[in-house]
Amino acid sequence: MSEIAIETKSLCKRYRSHLGMGLPPTLDGLSLRVHEHEVFGFLGKNGAGKTTTIKILCGLVWQNQGEASIFGYSNRDKRARSLVGYLPENPYFYEYLTPRETLDFYGKLNGDTVAARNKRWDYLSELLDLSDIANQRVRGFSKGMRQRLGFAVAMAGDPRLLILDEPMSGLDPMGRHMVRDLMLRLREEKKTVFFSSHILGDVEQVCDRVGMLVNGKLHREGALQDLLTRETLRVDVVTRDVPEDTIAELSTSAQRVYDADEGVCLSFSSHDDADAAARKIYAGSGRVVSLTPIAETLEDYFVRQQEDGEGAS
Ligand SMILES: Nc1ncnc2c1ncn2[C@@H]1O[C@H](COP(=O)(O)OP(=O)(O)OP(=O)(O)O)[C@@H](O)[C@H]1O
Ligand SMILES: [Mg+2]
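Number 196 in the working numbering belongs to position 136 of the sequence shown; there are no gaps in the numbering.
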């Protein structure tokens with residue numbers, strides 16, 4: 061059995077306004093479990109509390125109630141932090157240092173020897189393509205360069221668990237591709253990765269499991285393929301050479317009939333209706349050019365889940 065890398069039990073967080081007034085809870089009983097070697101995508105809309113959860117796990121913000129632990133150590137225990145590499149939403153660097161010096165600085169904080177620091181640099185600069193910018197000051201770096209350096213800092217101590225807050229946000233397609241490849245590599249290396257994201261397509265490609273935060277609780281959680289038994293919204297049947305009266309007859313059970321490039325398209329709400337229509341067309345003189353089930357997109361699925369979650373509370 062794999063170990064539990066992250067566990068939260070009934071986590072609650074209520075911030076105070078600058079006047080000291082209680083605000084509505086950001087986290088309201090969040091219970092979640094991430095197993096070792098998993099890549100877990102933590103989803104939720106803006107302001108859902110993803111960064112708050114991540115900061116609690118990293119010991120940067122304290123919960124008001126509930127528990128959070130990393131490999132069995134409480135988030136209040138220093139040993140928990142030594143196992144985590146953290147990439148913040150907006151990584152902060154010493155602007156006058158170069159990537160090489162930055163990594164050296166963090167290596168020294170970890171108590172690494174010169175030889176160990178050089179070896180780690182060789183590995184990370186190759187992995188994150190930092191060699192060309194190794195000796196340039198961070199000041200003036202683009203978002204993509206900063207993100208690569210942020211990853212290197214998070215991975216400096218070769219942590220068992222990486223916690224990444226929106227690792228793909230603000231990156232161009234090349235940058236996102238780089239992050240995706242990196243996550244896949246980390247998965248191959250049996251690291252545990254917990255990351256928040258809005259970019260659902262990227263989540264779909266790299267995650268073993270996902271969880272969705274709605275109203276401070278985990279609304280949905282599970283393996284992607286189990287969660288995403290997305291419904292077929294409709295079945296489109298494109299036809300040719302079908303007599304007008306047959307089209308008129310089929311229109312009564314179709315949701316929509318329209319002229320498509322390849323012929324007349326009839327949209328049905330079920331596979332059964334589409335199959336029945338195809339049989340009728342074949343029985344006459346018409347042709348079926350295509351029969352295509354149209355599934356809900358991942359984006360639509362999560363929006364619907366979000367709406368269902370909000371409606372339920
Ligand atoms: N220090 C703070 N003081 C008061 N309220 C805060 C503080 N930090 C966060 N909040 C509030 O808590 C809620 C959750 O914020 P959080 O940053 O955790 O959300 P998020 O899911 O990371 O959002 P995003 O997708 O925009 O990054 C928001 O309503 C935010 O305004
Ligand atoms: Mg955030």
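Glycine included, every Cβ here is placed at the ideal spot set by N, Cα and C.
- Between ligand 1 and the CB of Tyr75, the shortest heavy atom gap is smaller than 6 Å.
- Considering only Thr158, Ser345, Arg247, the residue with the shortest C-alpha distance to His97 is Arg247.
- The DSSP-derived three-state label of Tyr133 is strand.
- Judged by their CB atoms, Val270 and Leu87 are not nearer to each other than the 7 Å cut-off.
- As computed with DSSP, Met234 is found in no beta bridge at all.
- Secondary structure of Gln207 (DSSP, three-state): helix.
- Here Thr112 has Lys73, Thr86, Leu87, Val121 as same chain residues with Cβ atoms under 7 Å from its own Cβ, once five neighbours each way along the sequence are excluded.
- The residues Leu163, Gly167, Asp172, Ala216, Asp218, in chain order, have a CB closer than 8 Å to that of Arg180 in the same chain once the five nearest residues on each side in sequence are set aside.
- Here the C-alpha atom of Arg206 lies approximately 20 Å from the C-alpha atom of Arg245.
- If you look at Val266, you'll find it in the alpha helix (DSSP H) that goes 260-266.
- One residue after another in chain order, those with a Cβ under 7 Å from a heavy atom of ligand 2 are Lys110, Thr111, Glu149, Asp225, Glu226, Ser256.
- At a threshold of 6 Å, Asn195 does not count as near ligand 1, since its beta carbon sits no closer than that to any of the ligand's heavy atoms.
- Taking C-beta separations shorter than 7 Å and ignoring five residues to either side along the sequence, the partners of Leu351 in its chain run Val295, Val297, Ala334, Ala338, following chain order.
- If you draw a straight line from the Cα of Leu293 to the Cα of Leu187, it comes to about 42 Å.
- Note on geometry: alpha-carbon atoms of Phe328 and Asp301 lie some 19 Å from one another.
- By the C-beta density criterion, Ala212 is buried, having at least 16 other C-beta atoms within 10 angstroms.
- Here DSSP, grouped into helix, strand and coil, assigns Phe201 to coil.
- The beta-carbon distance between Asp268 and Phe131, rounded to whole angstroms, is 18 Å. This is too long to meet the 8 Å contact definition.
- In the structure shown, Val121 falls within a coil segment according to DSSP collapsed to helix, strand and coil.
- For the beta strand (DSSP E) assignment, the uninterrupted runs of no fewer than 3 residues enclosed by the segment 280-339 are, from N- to C-terminal side, 292-300, 316-319, 324-328.
- Assignment of Phe153 by DSSP, reduced to helix, strand and coil, places it in the coil class.
- Just so you know, the alpha carbons of Leu221 and Arg93 end up roughly 13 Å apart.
- Looking at the backbone, the Cα of Tyr183 and that of Arg177 are separated by about 10 Å.
- Short of 7 Å from the beta carbon of Gln365, and not among the five residues preceding or following it, lie these beta carbons of its own chain, in chain order: Met272, His279, Arg280.
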